[in-house]
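Chemist: All residue numbers for the sequence shown refer to the numbering used here, where the first residue is 1 and numbers rise by one. We treat Cβ as the ideally placed atom computed from N, Cα and C, and that holds for glycine. These figures come from a predicted structure and were not determined experimentally.
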Amino acid sequence: MLITELAKKIASNTLYQMIGKLVTMAVTIAVTVIVTRLYDREGYGLFNIMQVFPALFFVIVDFGFNAIATRELSKNTDRAQTFIGNIILMRLAFSAILIALCVLALQFFPYSPQLRLGIYMSLFLIVTQAMVATTNIIFQVKLRYDYSMWSLVLGSTAVLALVLGLARVGADIVWLSFSYVIGGLVTFAAGWYFVRRLGVQVHLKFDASTCSFLLAQALPIGLMFVFSQINFKADSIMLSVLELPKSIGLGNTESVALYGLPYKIFEVLLVVPTFFMNAAYPVFVRKMTEGQPFLKNVFFKSTGVLLGLGVLVSLVGIVTAPVAVDLLGGEQFAQSALVLRLLLIGMPIFYATQPIAWLLVTLDKQKHLPYIYLVAAVFNVSMNYLFITKYSFYASAIITWVSELLILVLLIAAAGKAWKAKYA
1 MLITELAKKI
11 ASNTLYQMIG
21 KLVTMAVTIA
31 VTVIVTRLYD
41 REGYGLFNIM
51 QVFPALFFVI
61 VDFGFNAIAT
71 RELSKNTDRA
81 QTFIGNIILM
91 RLAFSAILIA
101 LCVLALQFFP
111 YSPQLRLGIY
121 MSLFLIVTQA
131 MVATTNIIFQ
141 VKLRYDYSMW
151 SLVLGSTAVL
161 ALVLGLARVG
171 ADIVWLSFSY
181 VIGGLVTFAA
191 GWYFVRRLGV
201 QVHLKFDAST
211 CSFLLAQALP
221 IGLMFVFSQI
231 NFKADSIMLS
241 VLELPKSIGL
251 GNTESVALYG
261 LPYKIFEVLL
271 VVPTFFMNAA
281 YPVFVRKMTE
291 GQPFLKNVFF
301 KSTGVLLGLG
311 VLVSLVGIVT
321 APVAVDLLGG
331 EQFAQSALVL
341 RLLLIGMPIF
351 YATQPIAWLL
361 VTLDKQKHLP
371 YIYLVAAVFN
381 VSMNYLFITK
391 YSFYASAIIT
401 WVSELLILVL
411 LIAAAGKAWK
421 AKYA
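(1) CB G184 to CB T128, shorter than 8 Å?
(2) If the criterion is Cβ atoms closer than 8 Å, does the pair G222 and G346 meet it?
(3) Go through its chain and collect everything with a Cβ distance to V268's Cβ below 8 Å, but skip five positions before and after it.
(4) Here's the rule I'm using: 16 or more other beta-carbon atoms within 10 Å means buried, otherwise exposed. How should D78 be labelled?
(5) With distances taken between CB atoms, is the gap from T353 to M288 smaller than 8 Å?
(6) Count Cβ pairs between the segment 394-414 and the segment 373-385 that sit closer than 8 Å; are there 3 or more?
(7) Measuring straight from C-alpha to C-alpha, what distance separates A357 and G43?
(8) Provide the residue span of the alpha helix (DSSP H) that contains Y243, from first to last.
(9) With burial defined as no fewer than 16 other Cβ atoms inside 10 Å of the residue's Cβ, what is the status of E404: buried or exposed?
(10) Between the segment 117-124 and the segment 146-161, can you find at least three pairs of beta-carbon atoms closer than 8 Å?
(11) If you compare alpha carbons, which of L73, M90 and R41 is closest to M131?
(12) Assuming L369 and L360 make a contact with CB atoms under 8 Å, what is their CB distance in whole Å?
(13) Between the Cα of G334 and those of V402, N86 and S255, spot the shortest distance and give me the residue it belongs to.
(14) Have a look at L125, L38, V31 and V23 and flag the residue whose alpha-carbon is nearest the alpha-carbon of V486.
(15) DSSP state of K142, grouped into three classes?
(16) Between I388 and S396, is the Cβ-Cβ spacing less than 8 Å?
(17) DSSP on Y147, reduced to helix/strand/coil?
(18) So, helix, strand or coil for L363, using DSSP?
(19) Is the separation between the beta-carbon of V198 and that of F47 shorter than 8 Å?
(20) When burial is assigned at 16 or more other CB atoms within 10 Å of the CB, is T134 buried or exposed?
(21) To the nearest angstrom, how far is the alpha carbon of Y371 from that of K420?
(22) What does a CB cutoff of less than 8 Å around S122 pick up in its chain, not counting 5 residues either side in sequence?
(23) Report yes if the CB atom of G85 is closer than 8 Å to the CB atom of V202, and no otherwise.
(24) Rounded to whole angstroms, what's the CA-CA distance from V174 to A161? Just pull it up for me.
(25) Quick one: what does DSSP say P293 is sitting in, helix, strand or coil?
(26) Output the distance between the C-alpha atoms of A415 and P220, rounded to the nearest integer angstrom.
(27) Near S95, which residues of its chain fall below 7 Å by C-beta distance, leaving aside the five closest residues on each side in sequence?
(28) Within a Cβ cutoff of 6 Å, which residues of the same chain sit near V141, ignoring the five residues on either side of it in sequence?
(29) Identify every run of the beta strand (DSSP E) within the segment 35-103, keeping only runs that are complete inside it and at least 3 residues long; order them along the chain.
(30) Kindly indicate the opening and closing residues of the alpha helix (DSSP H) around G118.
(31) Is it buried or exposed, I87, if we count other Cβ atoms within 10 angstroms and call 16 or more buried?
(32) State the start and end residues of the unbroken alpha helix (DSSP H) segment that holds P110.
(33) Whole angstroms are fine: how far does the CA of L328 sit from the CA of L242?
(34) Can you grab the Cα-Cα spacing for the pair V305 / N13, in whole Å?
(35) Any idea if Y351 is buried or exposed, counting beta-carbon neighbours within 10 angstroms, 16 or more meaning buried?
(36) Mapping DSSP to helix, strand and coil, what is A130?
In structure tokens:
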């Protein structure tokens, strides 16, 4: 009966996250259609770079604090006030430093003044994403992702309303990108309201011991997130600056557009294992305290479900790729259909890696993660550097999931060793 109740709770919270993501996905699709149809392929390429550049740094600000706070607060919620307050302070400090460094780094990129301005303004997404992620700690611990869902719905609605209004008056693409910053503020404000409704009072009082504990514990996961994000975002930035093969007949911005559209679809499909594990991870922690058989049962069931879903999503996506691309971008994005199919070949690999990675965190063996993801990041960047100049975005699509396959192999080896050390 208990397993049934836990299964229902995981399923319901996964569903809430999926509903929230479906809304944001619908908004993403609508915005994509608006930009591709009204601002053409070049405009969408600029828009994509404006969004990708700050996205590269989201997880640096996250730094694994959510995983550690969730693990600790799932055992004891009494420290929620101190944990959340100090995480907010650290994330604000990290955001300010990263924004300053990004502004300096952009001086060395061969971007137009318009593109630089758009990136500068979009960098505030780093702050809004960090604050939204902080409210999600409470929703995850208390398994109240219904509140997270409503926050996302409100923020996404604000984004769509702004984009529609700005596009209607022919505003510069820079302002359409900035709409996401406003939407992030709305999402955070709503999330903060719901956190207060759950009875969590937060005081922004710096506590050195709490910050030291969080930093030390989160460092391996934080580095993992950084290297993982390099795997996901470096290819688009490299496409925007490297010399591309003349046989493709496309400039950098157009190439980013043709790669960015299918990659957006690919990223949306990757939320399923993320949301599933957001709900399952606290259960992993609780089951570990109950004993090896309980954790083993939950882990293998979770992995089996996700792997099956990954195969299904891959097959359906490969078949429907041309239709999806045509609906979003029209004929001018026809080349993107093959890119999407190449990406979707590796979808089951991505679905399988998540439960294994979080098993390592559950077993308190997250120290292995940064090394695994560092190896993959070096491999990914090196391969993209070698092959983008020859095969453009087609190479990037294949390298994306080959890098993830390398991660999967290394994770399995590390998890097997960690399991034996824990239960031998």
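Modeler: On the basis of the supplied data:
(1) Position 184 of the sequence shown, counting from 1, holds the residue named residue 184. Position 128 of the sequence shown, counting from 1, holds the residue named residue 128. Closer than 8 Å, so yes.
(2) Indexing the sequence shown from 1 puts residue 222 at position 222. Indexing the sequence shown from 1 puts residue 346 at position 346. Taking 8 Å as the Cβ cut-off, G222 and G346 do not qualify as a contacting pair.
(3) Counting from 1 along the sequence shown, the entry for residue 268 is found at position 268. Excluding positions up to five away in sequence, the list reads K21, M25 and T28.
(4) Your numbering for residue 78 matches position 78 in the sequence shown. Residue environment: D78 is assigned as exposed (fewer than 16 neighbouring CB atoms within 10 Å of its CB, all protein chains considered).
(5) To locate residue 353, count along the sequence shown from 1; it is residue 353. To locate residue 288, count along the sequence shown from 1; it is residue 288. No, they are not a contact pair.
(6) Three or more Cβ pairs drawn from the segment 394-414 and the segment 373-385 lie within less than 8 Å of each other, which places the two stretches in contact.
(7) Against the sequence shown, residue 357 aligns to sequence position 357. Against the sequence shown, residue 43 aligns to sequence position 43. Rounded to whole angstroms, A357 and G43 show a C-alpha spacing of 38 Å.
(8) If you number the sequence shown from 1, residue 243 lands on position 243. First, the amino acid is wrong: residue 243 is Glu here, not Tyr. First-last for E243: undefined, no H or E at that position.
(9) For the purposes of this step, residue 404 is taken as residue 404 along the sequence shown, with counting starting at 1. So E404 counts as buried.
(10) Result no; under three Cβ-Cβ pairs closer than 8 Å.
(11) As a position in the sequence shown, residue 131 is number 131, starting the count at 1. The shortest C-alpha separation from M131 is found at M90.
(12) Taking the sequence shown and counting its residues from 1, the one referred to as residue 369 is at position 369. Taking the sequence shown and counting its residues from 1, the one referred to as residue 360 is at position 360. Right, their Cβ atoms sit about 6 Å apart.
(13) Sequence index remark: in the sequence shown, residue 334 carries index 334 (1-based). Inspection of the sequence shows that residue 334 is occupied by Ala rather than by Gly. It is S255 whose Cα lies nearest to the Cα of A334.
(14) The structure shown does not extend to residue 486, since the chain is modelled only from 1 to 424, so the question has no answer here.
(15) What you label residue 142 is simply residue 142 of the sequence shown in a count that begins at 1. It is coil, neither helix nor strand.
(16) The residue you call residue 388 lines up with position 388 of the sequence shown. The residue you call residue 396 lines up with position 396 of the sequence shown. Their beta carbons are under 8 Å apart, which means I388 touches S396 by this criterion.
(17) Here the question's residue 147 lines up with position 147 in the sequence shown. It is helical.
(18) Numbered from 1 along the sequence shown, position 363 holds the residue referred to as residue 363. In this structure, DSSP gives L363 a state outside helix and strand, which the three-state scheme calls coil.
(19) Sequence index remark: in the sequence shown, residue 198 carries index 198 (1-based). Sequence index remark: in the sequence shown, residue 47 carries index 47 (1-based). Note on residue identity: the sequence assigns Leu, not Val, to residue 198. Judged by beta-carbon spacing, F47 lies beyond the 8 Å limit of L198, meaning their Cβ atoms are not closer than that value.
(20) Numbered from 1 along the sequence shown, position 134 holds the residue referred to as residue 134. Residue environment: T134 is assigned as buried (16 or more neighbouring CB atoms within 10 Å of its CB, all protein chains considered).
(21) Along the sequence shown, one-based indexing puts residue 371 at 371. Along the sequence shown, one-based indexing puts residue 420 at 420. Rounded to whole angstroms, Y371 to K420 spans 20 Å at the Cα level.
(22) Position 122 of the sequence shown, counted from the first residue, corresponds to residue 122. The beta carbon of S122 lies closer than 8 Å to those of M50, Q51, F53, P54, S177, F178, Y180 and V181 in the same chain, with the five residues before and after it left out.
(23) Position 85 of the sequence shown holds residue 85. Position 202 of the sequence shown holds residue 202. Yes, the pair counts as a contact, with Cβ atoms nearer than the cut-off.
(24) Along the sequence shown, one-based indexing puts residue 174 at 174. Along the sequence shown, one-based indexing puts residue 161 at 161. Whole-angstrom Cα-Cα distance: 16 Å.
(25) What you label residue 293 is simply residue 293 of the sequence shown in a count that begins at 1. Here P293 sits in helix by DSSP.
(26) For the purposes of this step, residue 415 is taken as the residue at position 415 of the sequence shown. For the purposes of this step, residue 220 is taken as the residue at position 220 of the sequence shown. Each residue's alpha carbon lies about 15 Å from the other.
(27) For the purposes of this step, residue 95 is taken as residue 95 along the sequence shown, with counting starting at 1. The residues are V61, I126, V127 and A130.
(28) For the purposes of this step, residue 141 is identified with residue 141 of the sequence shown, where counting begins at 1. Contacts found: T70, L73 and S74.
(29) Secondary structure in the segment 35-103: no beta strand (DSSP E) run of 3 residues or longer lies completely within the stretch.
(30) Residue numbering aside, residue 118 sits at position 118 when the sequence shown is read from its first letter. P113 to S122 is the extent of the alpha helix (DSSP H) around G118.
(31) Residue numbering aside, residue 87 sits at position 87 when the sequence shown is read from its first letter. By the 10 Å Cβ count, I87 comes out buried.
(32) Along the sequence shown, read from residue 1 onward, the residue named residue 110 stands at position 110. Neither: P110 is in no alpha helix (DSSP H) and is coded neither H nor E.
(33) As a first step, residue 242 must be located in the sequence shown, where it is residue number 242. As a first step, residue 328 must be located in the sequence shown, where it is residue number 328. One Cα belongs to L242, the other to L328, and the distance between them is close to 27 Å.
(34) Locating residue 305 in the sequence shown gives position 305, where the first residue counts as 1. Locating residue 13 in the sequence shown gives position 13, where the first residue counts as 1. When rounded, the distance between both Cα atoms is 16 Å.
(35) Looking up residue 351 in the sequence shown gives position 351. Classification of Y351: buried, given that the 10 Å Cβ count is 16 or more.
(36) Within the sequence shown, numbered from 1, the residue matching residue 130 stands at position 130. Correct three-state label for A130: helix.
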